[in-house]
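Top to bottom, those sequences are chains A and B. Start counting the first sequence at 52; every next residue gets the next number (the working numbering). Start counting the second sequence at 1080; every next residue gets the next number (the working numbering). Read through the structure below, which is laid out as structure tokens, and then see the notes.
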Amino acid sequence: MSYLLPLMLKEEFRLHSSYSSRRMFLAFPVIVALFSFAIAMTSQRLLEATPLPDAILFLHLSAFLYGLGVGAFGFLGAQYLERRHGHRNYLVAMPSLLPMSFRRTFLGMYVRDAVFYMALVLAPMVAGLAASVPFTGFRLTSIGFLFLAALISFLVGMSLSFFVSTVYMRSRVAFAGLVAGISVAFAAAGVFRVLPVEAILPGLSMHYGLPPFATPGAAALAGGMAGAGLIALCVAGALLLVPEQYEPRSVPVAEDELPGVDARLGIVRGYRVLLAKELVDLRRSGTIPKMFFSFVTPLLFLSFTAWFVRNGLRAPVGFNSVFYGAMVGFFGVLLYNWLNNVDAMDYYATLPVDVPRVIRTKLLAFLALTTGISTAFVVGVSALNGDLRLLWLALPVMFVTSVYMVVMTAYLTGLRTNSFLFDPGVLARFSVLAILPDLGLTILSFTVDRTPVFTISGIALVLTAMAAATALLYRGIDAKWARHDFAE
Amino acid sequence: MKAIEARGLVKRYESVTALGGVDLDVDAGDFFGLFGPNGAGKTTLLRILTGQLAPTAGRANVLGIDPARDPLNVKAAIGIVPEVESPPSYLTASEYLYFVGRVRGVPDLPKAIDRWVTFFDLNEGRGTICRDLSKGTRQKLMLAAAFIHEPSLLFLDEPFINLDPIYQRKLKDFLLEYRDSGRTVFMCSHLLEIAEKLCDRVAVIDGGRIIATGSLAEVKRGERDLEAAFLRLVGERR
């Protein structure tokens, strides 16, 4: 491990730097630190609206969810081993050729990402808080405790995700059972309140046992120990389940489908066969269920949050159909990212097809896949909330926001969404272009009953601006991406 | 008539100069071989000529088209077999040929697919997606995809790699017939023994520069075979 870990860290650093540039990549933690500093400087006002225990709960949930996203090596590792990344290969695949074990390289991946993301996000976040000490008077020991506790929540998420994804490599049934069990635990804490959240998030439990909540003592120690134990248990379990001989699953195909799908897509003329290939790829690669869950999960989470704010906190916030329409459009960007991760695209380089044409094909695939689900969700939530009267407004909001978000993402990131969103320059532009109109729509949606004429005029104005921006960005795809190649 | 013309092609990647000013002429109807040690710039030159990569300086002309300015038209006119066999993972072999044929607008596509499926015996992989095919079968598929529209110029990067001796022989015979019908082949390869039997004009590239070019006899300069000539030419520079 002593020689493997530095090599893996170098590999990860070079991979991320290759997405933009070394300098841009190194700017990422600086931006995180500045952001954290800004939050600290405004914390007085923030804490007036959100009590400290709730803010800490939010921090730990975020760290845990971030860890969950990072640690799915059973899926990611399998993808590294299975999918040929253009001309790329990774150290994790080396046991196929060298006398090394997959267990060792998977452990290497775990430690690598724990170190990497701690350095990329958690440490800069803490540095930003520490920099605010002369102005805010925060105690350095409290910041240190916050770092430790957040690190435990992050590692618990990462380890749990690592374990669950390796269970998936062995048995789909066991995986489904495990996910159901974890969901029940979280529902018991979050929805039914029969369990305190800190009972399932040891980092949070540790934090609540530390200043400024309590004097450090047995409770904090128990939380820390429970967290460390859970992390060790999940990692050990995951390593036990990593298969030593990796055999990619073959995908049997009964018959050639492409000509039939192509024949049915006459409506998209020049993009017919490209779109047909996308749809066949998506189905055979098993990406559609993954896309479905990654779209529906945040929507359900959003619905739950709205329900909780309305019924749990009894806060008078008017989450209506228009709000959901805007949010559904916003989350559509997750699906565009999936469309770019189905397969390597090197073979396009040998064909008379350029990058903008393939980007447009992905946009068509996005519309084909999401329009129905998004509409169904907005109609369903409106019906459940007894808010069908605003559907006539919510549906155009959803549609315009979806198309704007996906075209804007395609314009900024081309065929490498995941990679370019690590480029701080791209991320900053994306954030401004995504958040401003969505914030406008969200705020307007809250006032629709009080000032209907003003609100509807405002929404119409925002939608017109978004539609105009969509047209400009769509046309700009050619100029921006025509000279790019397909190799990753 | 020139099929390929390159003048002063330079390609730099940050501090590395992959091509340091390449001049090259390939006549229509030539079977042209480009040879060089690893990292000499063969694939970079091929990628520039086929519109996959823009040069840092210099210009090229392929079938009367500038590949840097009009890469799509160059790719439409030629056939390319890349260095790494990489058909799309989730299509079957005949689906990939259908896809390529549709993108290229091949007339009577079912007949064309049938011809190349039969030629390379790709029926064996029917019902199997490309990801699950053997390397050799994937290479045969990339060859079939490059030939399906019957282009007048072929760019082949290591076309014999991964093929068994039977298909090496079949491919050699096909390429010679193809050349004899007046069309042009531009091939990069390390397999000098095979290349010597196929090429009528060759060039040797080293360190991003052409160090020898001409007919096979001119480049061999009395050496017993191409391998000996290659070792002399490249060895002199080491």
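Beta carbons: idealized from backbone N, C-alpha and C, even for Gly.
Boundaries (first-last residue) of the alpha helix (DSSP H) holding F471 of chain A: T468 to F471
Three or more C-beta pairs below 8 Å linking the stretch 1145-1155 of chain B and the stretch 1086-1096 of chain B: no
First through last residue of the beta strand (DSSP E) which encompasses Y1092 of chain B: K1081 to Y1092
contact_flag[the stretch 472-480 of chain A, the stretch 75-87 of chain A] where n(CB pairs < 8 Å) is 3 or more: yes
Secondary structure of P267 of chain A, DSSP reduced to three states: coil
Exposure label - N391 of chain A; buried when at least 16 CB within 10 Å: buried
Spatial distance of A400 of chain A from A1133 of chain B (CA atoms): 13 Å
Cβ neighbours of R135 of chain A in the same chain (closer than 7 Å, five flanking residues each side left out): Unreliable placement is indicated for R135 of chain A, whose pLDDT of 45 sits below 50; no coordinate value is reported for it.
Residues within the stretch 384-399 of chain A neighbouring chain B, beta-carbon criterion of under 7 Å: D394, A395, D397 and Y398
Pairwise C-alpha distance: G1115 of chain B and G1087 of chain B: 18 Å
Counted within 10 angstroms of its Cβ, other Cβ atoms place Y259 of chain A as buried (16 or more) or exposed: buried
S336 of chain A at chain B interface by Cβ criterion, 9 Å: yes
Other residues of its chain near L108 of chain A: CB distance less than 7 Å, five sequence neighbours each side excluded: V248 and L255
8 Å contact criterion, which A445 of chain A and Y375 of chain A should meet: CB distance rounded: 7 Å
Chain A residues whose Cβ lies nearer than 8 Å to that of R1071 of chain B: Nothing about residue 1071 of chain B can be reported from this structure: the residues present for chain B run from 1080 to 1317 only.
Pick from B:R1262, B:I1245 and B:G1204 that is closest to F1226 of chain B, judged by C-alpha positions: B:R1262
Collapsed DSSP secondary structure at G137 of chain A in the structure displayed: In this prediction, G137 of chain A has a pLDDT of 45, which is less than 50 and means its spatial position is unreliable; nothing more can be read from the coordinates.
Three CB pairs or more closer than 8 Å across the stretch 1172-1182 of chain B and the stretch 310-327 of chain A: yes
Cβ-Cβ distance between I410 of chain A and A485 of chain A below 9 Å: no
DSSP three-state assignment for R96 of chain A, whether helix, strand or coil: helix
Beta-carbon contacts of L206 of chain A that lie in its chain and below 7 Å, excluding the five residues immediately before and after: G118, A165 and I282
Partner residues on chain B for D332 of chain A, Cβ-Cβ distance less than 9 Å: P1167, S1168, Y1169 and L1170
Rounded Cβ spacing between V406 of chain A and A271 of chain A (contact assumed at less than 8 Å): Not confirmed; about 53 Å, so no contact.
Extent of the continuous beta strand (DSSP E) to which S1294 of chain B belongs: R1288 to S1294
is_contact[R320 of chain A, chain B] using C-beta, thresh 9 Å: no
Any C-beta of chain B under 9 Å from that of K328 of chain A: yes
Proximal residues, the stretch 1084-1103 of chain B versus chain A, C-beta separation under 8 Å: none
Simplified DSSP assignment, three categories, for C1267 of chain B: strand
Beta carbon of V457 of chain A nearer than 9 Å to that of G383 of chain A: yes
From A:F196, A:V235, A:L495 and A:S152, residue whose alpha carbon lies closest to that of G268 of chain A: A:F196
Chain B residues whose Cβ lies nearer than 8 Å to that of V304 of chain A: T1171, G1206, T1207 and I1208
Three or more C-beta pairs below 8 Å linking the stretch 1282-1296 of chain B and the stretch 1249-1261 of chain B: no
The stretch 1248-1255 of chain B contacting the stretch 517-535 of chain A, beta-carbon criterion three pairs below 8 Å: no
Beta carbon proximity, D313 of chain A to chain B, threshold 9 Å: yes
Any 3 or more C-beta pairs closer than 8 Å across the stretch 1262-1273 of chain B and the stretch 1112-1127 of chain B: yes
Run of the alpha helix (DSSP H) containing D1104 of chain B, from where it starts to where it stops: Careful: D1104 of chain B lies outside any alpha helix (DSSP H), inside the beta strand (DSSP E) at V1095 to D1106.
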